[in-house]
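With the numbering used here applied, the sequence shown corresponds to residues 1 to 194, in that order.
The block underneath contains the structure these notes are about, expressed in structure tokens.
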Amino acid sequence: MGFLDILLGRTKPAPPDLDQLFGLPSAAVTLQAAAGFTPTGRGAVCFATVEGAAFEQAHREVQALLDADAGRTGPPVELSRDAYGYSWLVSRRAPDQLSELVTDLHAVNSTLEANGFGPQLLCSLAGFHDDAGRRLALVYLYKRAAFYPFAPLPGRAQRRDNALEIQVRSVLADDLRMEDDLSRWFPVWGAPGL
């Protein structure tokens, strides 16, 4: 970062740190104790849609890597596209297998990164819910190396529970590196892992 960047208030983005994902299991314990949210067993990695043989090869590598896990039922990861044109690699596990889900998300991110798709990686998320049926995602921003909570309100309108998101940020501040800039807490409407 140069002198001009400092004068203009520009900051150097944090380098991606995929190992931050491994903080999710301990954060889940805190989240359950403080707010009553438990893992759903679903998670996903979002990236800008990529076409071509190189991506197909990376997708096969992810499938083969995760296929080796004998404790899984169904396909290791499923590829889907959302209404906004982004691609998602979705992993499903039993709700009590959050550590394994995090390992899946890390493997997907690492494989895509190793195959040259790092610039297309956007975020990863793990889904949670409570007894009242509220949904919550802990979203890891790849390019910011930080997490934020996303809590959509039930119903057809795209509204979010901002009070819950702020509460979760406070609860998890000691467990995860949280994104301080609230304008970067992008909604992930219709995310398949949520």
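A virtual CB, placed ideally from N, CA and C, is assigned to each residue, including glycine.
| Item | Value |
| --- | --- |
| Residue nearest to Leu138 in terms of C-alpha spacing, selected from Arg81, Ala94, Trp185, His59 | Trp185 |
| Phe150 versus Leu65: straight-line alpha-carbon distance, rounded | 29 Å |
| Residues that DSSP places opposite Arg81 in a beta bridge | Ser87 |
| Beta-carbon spacing of Thr30, Leu172 below 9 Å | yes |
| Start-to-end residues for the beta strand (DSSP E) that takes in Ala34 | Here Ala34 belongs to no beta strand (DSSP E); instead the alpha helix (DSSP H) covers 24-35. |
| Delimiting residues of the beta strand (DSSP E) encompassing Val188 | Per DSSP, Val188 belongs to no beta strand (DSSP E) and is neither H nor E. |
| In DSSP terms, what Phe55 is bridged to | Paired residues: none, contrary to the question. |
| Stretch-stretch touch, CB-based, cutoff 8 Å, three pairs: the segment 71-91 with the segment 127-143 | no |
| Buried versus exposed, by CB contacts within 10 Å (16 or more), Glu51 | exposed |
| Boundaries (first-last residue) of the beta strand (DSSP E) holding Ala44 | 38-48 |
| For Ala126, the three-state DSSP class (helix, strand or coil) | strand |
| Nearest residue (CA-CA) to Ile166, options Asp17, Ala35, Ser26 | Ala35 |
| Arg156, DSSP secondary structure in three states | coil |
| Same chain, Cβ closer than 8 Å to Leu153, neighbours up to 5 away in sequence not counted | Arg159, Arg160, Asp161 |
| Neighbourhood of Ser87 by C-beta distance below 8 Å, restricted to the same chain and skipping five residues each side | Cys46, Phe47, Ala48, Thr49, Val50, Leu79, Ser80, Arg81 |
| Gly43 and Gly127 closer than 9 Å at C-beta | yes |
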